[in-house]
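*Asks:* Numbering (this note's numbering), first residue to last: 2 to 52. Before anything else, here's the structure in question.
Next up, the structure:
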């Protein structure tokens, strides 16, 4: 289950978001594109932990 700040995104969009995060794209640009309203430093905390 996605974090509430990501709940408007599809599973594919979340995968793309995570991929782009780890490919070092500019986080403010990614946040704007995906309409996520958090500080750039908080984005990684929205991702589900890998178990």
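Cβ coordinates follow ideal geometry from the N, Cα and C atoms, glycine included. The structure presented is a predicted model; accordingly, all values stated were derived computationally and were not measured.
If you count every other CB in all the chains shown that lies within 10 Å of the CB of residue 49, and 16 or more means buried, which is it?
*Replies:* Exposed is the call here.
*Asks:* Within 10 Å of its beta-carbon, does residue 37 have 16 or more other beta-carbons around it, so buried, or fewer, so exposed?
*Replies:* It is buried - the Cβ of residue 37 has at least 16 other Cβ atoms within 10 Å.
*Asks:* When you measure from the CB of residue 33 to every non-hydrogen atom of the ligand SAH, does any distance come out below 6 Å?
*Replies:* This structure lacks the ligand SAH, and indeed carries no ligand of any kind.
*Asks:* In terms of residue numbering, what span does the alpha helix (DSSP H) encompassing residue 39 cover?
*Replies:* No alpha helix (DSSP H) contains residue 39, which DSSP labels as neither H nor E.
*Asks:* Of all the options 34, 52, 24 and 21, which has the alpha carbon lying nearest to the alpha carbon of residue 9?
*Replies:* Residue 34 is the option with its Cα nearest to residue 9.
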